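Everything on this sheet refers to the single structure shown next.
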Amino acid sequence: MTVNLLDLDAAGLTDFFAHLGEKPFRARQVLRWLHRSGEGDFAQMTDVAKSMREKLATLACVVPPTLVSDKLSDDGTRKFLFDVGSGNAVETVFIPEDNRGTLCISTQAGCALDCAFCSTGKQGFNRNLTVAEIIGQLWQANKALGFDPKNERIISNVVLMGMGEPLANVDNVITALRLMLDDNAYGLSRRRVTLSTSGLVPAMDRLAEECPVALAVSLHAPNDQLRDRLVPINRKYPLAELMAACRRYLEAAPRDFVTFEYVMLDGVNDHDGDARELLRLTRDVPCKFNLIPFNPFPNSGFLCSKPERIRRFAEILMGAGIVTTTRKTRGDDIDAACGQLAGQVKDRSLRTLRAIPVVARAL
Ligand code: SAH
Ligand code: SF4
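Start counting the sequence shown at 2; every next residue gets the next number (this note's numbering).
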């Protein structure tokens, strides 16, 4: 079995070379070839001894996920589709802005958490992505977008907000994050890498301890009764526990606030009273709010709040001194907007069974 070197961070590569009797500097060299130069061919790694390059060719490989499509939106947003085997595909979105370029990457094929308003969730869960498949999205996007002559990356920010729940795949996500932050790999600052979670409390603590990056939490409701319905993982980690976890996270975080994401659902969670309840809920958590207009998908059963409603909701939060932004919908003409990422997932969860009427199941 050959080792896919894209699965390894600096510590993993150091171990790999130690087993071959090589010093740590060799790991550093290869790490730079792989991630700073985007080189996947050992023969081109010219400062590595020829005998070592030949050895690597027999023991190791460099296999990113295969790019199967690349679509450009009218607004410049670009959506990549990657094949991750067994009929599954995941999506990665590049969002260029004046002062930065953000790459939104996926961490799972599908998602098991089944939030009521999310098209990824509606597809069910197939599997966790490997480290090579997570970091490989960045590797491939860098190649597709091109490097600038000074070797500065066009991608200045990464958000883990694509398909899947990153903290449900926390081991692989932490290794991939370490590569993003490593100066010999992508060299991104912790403040420019944001992980979004629906609130897996124990894994939030692990992230704080092992690899703190900027944190976004998908709140979407001001009380347990509504959140239980919209974000079912709330039944396991209710709001009081989630708020306490946010406070603990901030002790280690590179930023001094948590971003609460809040999808605006017409008539469901967008009343003035909901905004006021949010203020009480988050009183002790330094935070910003990011309101996300709901992006529709077929048979979702939800509508997006009216622009005037979103404006009023934001006003109430801002009136209490909380920085509140409303996310611009980008790339919706190519289904690249939040919650529209569907990729292609072969569901192997029991969700399809659950949908079968009780009578049929009893037969
Ligand atoms: N699983 C993680 C990260 C991926 S989703 C999480 O839930 O946080 C990224 C963001 O898009 C989350 O805030 C999610 O709730 C939101 N989202 C999901 N479906 C959406 C939709 N249809 N319209 C707008 N935002 C959506
Ligand atoms: Fe999963 Fe996030 Fe979608 Fe919820 S919103 S189903 S956690 S991807």
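Ideal Cβ placement from N, Cα and C applies to all residues, glycine included. Please read all numbers here as calculations on a predicted model, not as lab measurements.
Beta-carbon spacing of residue i, residue j below 7 Å
| i | j | result |
| --- | --- | --- |
| P213 | A253 | yes |
| S219 | E262 | yes |
| G163 | C105 | yes |
| Y238 | A209 | no |
| V132 | N173 | yes |
| L114 | I234 | yes |
| A142 | L32 | no |
| A217 | S190 | no |
| T3 | A61 | yes |
| A315 | T327 | yes |
| E166 | C247 | no |
| D334 | D99 | no |
| V94 | F83 | no |
| D183 | A11 | yes |
| G125 | C116 | no |
| R310 | D271 | yes |
| N5 | V64 | yes |
| T108 | G332 | no |
| L168 | A110 | no |
| L240 | D229 | no |
For residue i, the first and last residue of its enclosing beta strand (DSSP E)
| i | result |
| --- | --- |
| I293 | 288-294 |
| T326 | 325-327 |
| K72 | 67-73 |
| L139 | No beta strand (DSSP E) holds L139; the alpha helix (DSSP H) holding it covers 132-146. |
| S219 | 215-219 |
| L104 | 102-105 |
| L161 | 158-161 |
| T93 | 90-97 |
Neighbourhood of residue i by C-beta distance below 7 Å, restricted to the same chain and skipping five residues each side
| i | result |
| --- | --- |
| L9 | F17 |
| F118 | L231, V264, L266, F295, S301, F303, G340 |
| L178 | V194, C212, V214 |
| I136 | L7, A177, L180 |
| G255 | According to the sequence as given, residue 255 is Pro; it is not Gly. R191, R192, P213, V214, A215. |
| K144 | G39 |
Chain-order list of residues whose beta-carbon lies under 6 Å from that of residue i (same chain, five-residue window excluded)
| i | result |
| --- | --- |
| T223 | The sequence as given places Pro at residue 223; Thr does not occur at that position. Same-chain partners within the cutoff: D275, E278, L279, L282. |
| G1 | Look at the range of the chain in this structure, 2 to 364, and you will see that residue 1 is not part of it. |
| R349 | N127 |
| I155 | G102, L146 |
| G13 | none |
| E134 | P66, V85 |
| L243 | G200 |
Host alpha helix (DSSP H) of residue i (start-end)
| i | result |
| --- | --- |
| C247 | 240-253 |
| D192 | It is worth fixing the name first, because residue 192 is Arg in this sequence and not Asp. From DSSP, R192 is part of no alpha helix (DSSP H); its letter is neither H nor E. |
| F118 | Where F118 is concerned, there is no enclosing alpha helix (DSSP H), given that its DSSP letter is neither H nor E. |
| R230 | 225-231 |
| A204 | 202-211 |
| G1 | Because the chain spans 2 through 364 in this model, residue 1 falls outside it and cannot be assessed. |
| R128 | Here R128 belongs to no alpha helix (DSSP H); instead the beta strand (DSSP E) covers 126-129. |
| G274 | 273-282 |
| A28 | 25-32 |
Own chain residues within Cβ distance below 8 Å of residue i, not counting five before or after
| i | result |
| --- | --- |
| P287 | L251, D257, F258, V259 |
| A44 | R54, A58 |
| V69 | L82, F83, D84, A90 |
| V49 | R27, Q30, V31, W34, F43, L57 |
| N152 | Caution applies to N152, whose pLDDT of 46 falls short of 50 and renders its modelled position unreliable; the model cannot decide the point. |
Where residue i falls: helix, strand or coil (DSSP)
| i | result |
| --- | --- |
| D48 | coil |
| Q345 | strand |
| D84 | strand |
| V259 | strand |
| L318 | helix |
| G185 | Position check: residue 185 holds Asn in this sequence, whereas Gly was assumed. Coil at N185, not helix or strand. |
| F298 | coil |
| M265 | strand |
| T198 | strand |
| G165 | coil |
| R37 | helix |
| G111 | strand |
| R313 | helix |
Run the Cβ filter for me: residues under 5 Å from any heavy atom of the ligand SF4, listed in the order they occur in the chain. Every residue passing the under-5 Å Cβ criterion appears here: C112, L114, C116, C119, T121, G122, E166, S199.
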